[in-house]
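Peer 1: My questions all concern the structure below.
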Amino acid sequence: MTTKTSPIRVMIADDHPLFREGIAAVLGSQADMNLVAEAASGEEAVARFREHRPDIVLMDLQMPGMGGFDAIRTLLGEFPEARIVVLTTYRGDMQAARALKAGARGYLLKSTLRKELLHAIRQVHAGLRYIPGEVARVLAEHLHEDALSVRELQVLGKVANGFSNKHIATHMDISVETVKTHVKSILAKINARDRTEAVIIALRRGFIDA
C-alpha cells in the first residue's frame, strides 16, 4: 500500500500579473504542486504567508513598497522555517549574495527553463538549496574580493546619478578629499578604470539598481 504525499504548496510574490499567470500555468500542470497564494508586493507577501503558510515562496526582488530583500528578512524573522526561492531578472553576484545572506534557499533567474524551476522547487522543498551553475560561477569569481562598505555604496550610488565629488561631499557632509578616497577605493575593489566603468560594473553586478 502506497501513501499519497501532499502536494507542495507554493506562493508567488511578483508585481507583474502576466508573470504570475505564467507561473500558475506551469505549477498547474504538476500533480505534486499547488499554487495557494499570490502577492504583488512585499507587504502582501508577508500577509499572504501568514494566512496560507505555503511550503515554498517564489519571491521577486524588485516590487513596489516593501521589496523582496526586506520581505525575506521579515518572513524569516517571523517564520524561520520558511523556504524562499528568489526568482528575478538580476544576474549580478551582489544581488544573489544579498538574497542568500538574507536567508533565501534558492536563486533563480526569470529566464530559467520551466524544468529547472520545477526542479528547484522540489529541491528546496526537500530541504536542499538551489543555485544554478551560472549564478554559482559568478559568485565564486568574486568570492575573495573585499566588500564595498556602506559608505562606499552610498558614494557609488551618487556617482551613478552623475553627481560631482563636490556635490557628493556636500550632500553626505564629508570633505571632497574623503569622497576622492572612497572613489579610489571603489575603483580598486571592483577593478574599474574610471567612474564610468565603475557605474557599468556596479549595475551589472547588482551593487546598485538601474
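Using full-length UniProt numbering, you'd call the opening residue of the sequence shown number 1 and step up by one each time.
From the three backbone atoms N, C-alpha and C, an ideal C-beta is built for every residue, glycine too.
(1) If I'm right that residue 151 touches residue 182 with Cβ under 8 Å, what's the distance once you round it to whole angstroms?
(2) Could you tell me whether the Cβ atoms of residue 32 and residue 8 are closer together than 7 Å?
(3) Report the residue ranges of all alpha helix (DSSP H) runs contained in full by the segment 71-116; include only those spanning at least 4 residues, in chain order.
(4) Bridge partners of residue 9, per DSSP?
(5) Compare the Cα-Cα distances from residue 169 to each of 48, 162, 155, 15 and report the closest residue.
(6) Kindly indicate which three-state DSSP category residue 200 falls into: helix, strand or coil?
(7) Shortest alpha-carbon distance to residue 103 belongs to which of 197, 122, 129?
(8) Assuming residue 66 and residue 84 are in contact, meaning their beta carbons sit under 8 Å apart, how far apart are those beta carbons, in whole angstroms?
(9) Using the beta-carbon count (16 or more within 10 Å), is residue 18 buried or exposed?
(10) State the Cα-Cα distance for the pair residue 171 and residue 192, rounded to the nearest angstrom.
(11) So residue 56 is in the beta strand (DSSP E); what residue range does that whole segment cover?
(12) Does the beta-carbon distance from residue 107 to residue 96 come in below 7 Å?
(13) Give me the Cα-Cα distance between residue 113 and residue 153, rounded to the nearest whole angstrom.
(14) Going by the DSSP bridge assignment, what does residue 126 pair with across the sheet?
(15) Check whether the Cβ atoms of residue 63 and residue 42 lie closer than 7 Å to each other.
(16) Do you know how far the Cα of residue 89 is from the Cα of residue 111?
(17) Classify residue 200 as buried or exposed, calling it buried when 16 or more other Cβ atoms lie within 10 Å of its own Cβ.
Peer 2: Here's the rundown:
(1) Confirmed, Cβ separation roughly 6 Å.
(2) Their beta carbons are under 7 Å apart, which means residue 32 touches residue 8 by this criterion.
(3) Counting only runs of 4 or more, we get 93-102.
(4) Answer by DSSP bridge pairing, in chain order: 34.
(5) Comparing C-alpha distances from residue 169 to each of 48, 162, 155, 15 shows the shortest one belongs to 155.
(6) Looking at residue 200 - three-state DSSP - the assignment turns out to be helix.
(7) Among 197, 122, 129, the Cα nearest to that of residue 103 belongs to 129.
(8) Actually they do not touch by this definition, with Cβ atoms about 14 Å apart.
(9) Looking at its Cβ environment, which holds fewer than 16 other Cβ atoms inside 10 Å, residue 18 is exposed.
(10) Rounded to whole angstroms, residue 171 to residue 192 spans 24 Å at the Cα level.
(11) Start and end: 56-59.
(12) Result yes, Cβ atoms of residue 107 and residue 96 sit closer than 7 Å.
(13) Approximately 33 Å between the Cα atoms of the pair.
(14) Residue pairing by DSSP places residue 126 opposite no residue, since no beta bridge is assigned to it.
(15) Cβ atoms of residue 63 and residue 42: closer than 7 Å.
(16) Going by the C-alpha atoms only, they are around 7 Å apart.
(17) It is exposed - the Cβ of residue 200 has fewer than 16 other Cβ atoms within 10 Å.
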